[in-house]
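Step one of this worksheet: look at the structure below.
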Amino acid sequence: MSVTIKDIAREAGVSYASVSRALSGNRGVSVETSKRILEVAKRLNYSPNGIARHLVNQRSKTLGLILPDISNPFFADIALAVIHTAEKAGYQTILSNTDWEPRTQKRQLLLMREQRVDGVILKPVQDAGDDIAYENLGLPAVLLHYSGSKVVSCVDTDHEYGGYLMTRHLLGCGCRRIAFLGGLPDSHSNLQRLEGYVRALRENGLTPDAQLVRYGPFTSENGYALAKEILQSQTPPDALFCGNDVIALGALQYAQEAGIQVPQSLCIAGFDGISYASLAQIRLTTIRQDRQRMGETATNLLLDAIESNAAPTVQKILLTPTLLAQATTGEIDRSKSLPIETD
Numbered sequence: 001m002s003v004t005i006k007d008i009a010r011e012a013g014v015s016y017a018s019v020s021r022a023l024s025g026n027r028g029v030s031v032e033t034s035k036r037i038l039e040v041a042k043r044l045n046y047s048p049n050g051i052a053r054h055l056v057n058q059r060s061k062t063l064g065l066i067l068p069d070i071s072n073p074f075f076a077d078i079a080l081a082v083i084h085t086a087e088k089a090g091y092q093t094i095l096s097n098t099d100w101e102p103r104t105q106k107r108q109l110l111l112m113r114e115q116r117v118d119g120v121i122l123k124p125v126q127d128a129g130d131d132i133a134y135e136n137l138g139l140p141a142v143l144l145h146y147s148g149s150k151v152v153s154c155v156d157t158d159h160e161y162g163g164y165l166m167t168r169h170l171l172g173c174g175c176r177r178i179a180f181l182g183g184l185p186d187s188h189s190n191l192q193r194l195e196g197y198v199r200a201l202r203e204n205g206l207t208p209d210a211q212l213v214r215y216g217p218f219t220s221e222n223g224y225a226l227a228k229e230i231l232q233s234q235t236p237p238d239a240l241f242c243g244n245d246v247i248a249l250g251a252l253q254y255a256q257e258a259g260i261q262v263p264q265s266l267c268i269a270g271f272d273g274i275s276y277a278s279l280a281q282i283r284l285t286t287i288r289q290d291r292q293r294m295g296e297t298a299t300n301l302l303l304d305a306i307e308s309n310a311a312p313t314v315q316k317i318l319l320t321p322t323l324l325a326q327a328t329t330g331e332i333d334r335s336k337s338l339p340i341e342t343d
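Number 285 in the numbering used here belongs to position 285 of the sequence shown; there are no gaps in the numbering.
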């Protein structure tokens, strides 16, 4: 049976109010009495109830973390960074998954508020049009995408630069028909990567071809299907720049099954830098995002907003990604390039 404040009061010979003040560190109790109460609490192995502490302090010491796909190692890495950073500050984390569904995201935000979390870290499902909803949430919030909001802080990767960096790398490999196999068309990060891709092509005198841009879920199944579709077209590409590493792994699987030599005949690249894409048998070329830093930074921004007595400064933090060139890209061998069908 758990020990209560009443048990401590009875054992120490003081009132319930004195015990409550002593345990919460408030004034109004003599040093001698407070010491006696704390000694009794320790001897009885008293553990304060989290809900009761919340009623007194108006804080639950709990953060909400809402992500679109925790099965993706990229988001799993961010989640671990958030959880570990929160734990060091004495907070626990409630994790929710939206499956990239806007209605699920809205429902999860409402549930977080009902569960009285102290603040929320959110990777939005869609583009920045929903900022007003986060501003009116009634909770401190930090977004894991670049937002134009004047009241919500955000942490993100410079996706446009990442898209530009990868496309320049593929052009440097001799690729000229570079397909962009993106994720969801209303994903903010996906659109930014596409902008970088287009910028690099135009800087090199190439006109972007709408037929080389495809969309779909951020899944390996989609990567496989998109690769099969575009590589069987009359004018196949010589490179596939995929919206994330998971899509790229699906595309790589199709290329291997179809007997296409990578990278001699076809370069394949991803985006994120998930750990298993660098396994010896894969070694996917990718754009690496610093997931650890992203999660830590977002959590610290949120904790500052929660614990600050004054209005916290809204911060917009954009992290610079890096190119990780590995085995799936290299100098294209034109003698082994994919045949282009003609009428």
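Glycine residues also receive a C-beta, built at the ideal position from the N, C-alpha and C atoms.
Starting from residue i and walking both ways along the alpha helix (DSSP H), at which residues does that stretch end?
i           : result
residue 139 : No alpha helix (DSSP H) contains residue 139, which DSSP labels as neither H nor E.
residue 176 : Per DSSP, residue 176 belongs to no alpha helix (DSSP H) and is neither H nor E.
Mind checking whether residue i and residue j have CB atoms under 8 Å apart?
i           : j           : result
residue 77  : residue 100 : no
residue 285 : residue 328 : yes
residue 163 : residue 195 : yes
residue 31  : residue 11  : no
residue 302 : residue 121 : yes
residue 7   : residue 44  : yes
residue 170 : residue 325 : no
residue 141 : residue 152 : yes
residue 61  : residue 92  : yes
On a CA-only basis, which of the options is nearest residue i? Give me that one, please.
i           : options           : result
residue 71  : 46, 83, 98, 94    : 98
residue 165 : 96, 147, 197, 140 : 197
residue 94  : 67, 88, 104, 102  : 67
residue 42  : 3, 74, 64, 60     : 3
residue 119 : 139, 185, 88, 241 : 139
residue 236 : 255, 81, 305      : 255
Over the uninterrupted beta strand (DSSP E) stretch that includes residue i, give me the two end residues.
i           : result
residue 251 : No beta strand (DSSP E) contains residue 251, which is instead part of the alpha helix (DSSP H) from 245-257.
residue 93  : 92-97
residue 122 : 119-122
residue 153 : 153-157
residue 37  : That residue, residue 37, is in no beta strand (DSSP E); its alpha helix (DSSP H) goes 31-43.
residue 287 : 286-288
With H, G and I counted as helix, E and B as strand and the rest as coil, what does DSSP make of residue i?
i           : result
residue 417 : The structure shown does not extend to residue 417, since the chain is modelled only from 1 through 343, so no value can be given for it.
residue 316 : strand
residue 196 : helix
residue 348 : This structure cannot speak to residue 348, because the chain is shown only from 1 to 343.
residue 230 : helix
residue 56  : At residue 56, the pLDDT of 49 sits below 50, so the modelled position is not reliable and the matter cannot be decided from this model.
residue 327 : coil
residue 107 : helix
residue 82  : helix
residue 339 : Caution is warranted here: a pLDDT of 46 is assigned to residue 339, below 50, making its placement in the model unreliable, and the coordinate value is therefore given only provisionally. It is coil, neither helix nor strand.
residue 213 : strand
*Mind the definition here: the segment 281-301 touches the segment 219-236 only if three or more C-beta pairs lie below 8 Å; say whether that holds.*
Touching, no.
*Okay, do the segment 242-254 and the segment 274-291 touch, 3+ Cβ pairs below 8 Å being the bar?*
yes
*Counting Cβ pairs, one atom from each stretch, are 3 or more of them under 8 Å apart for the segment 209-221 and the segment 180-194?*
yes
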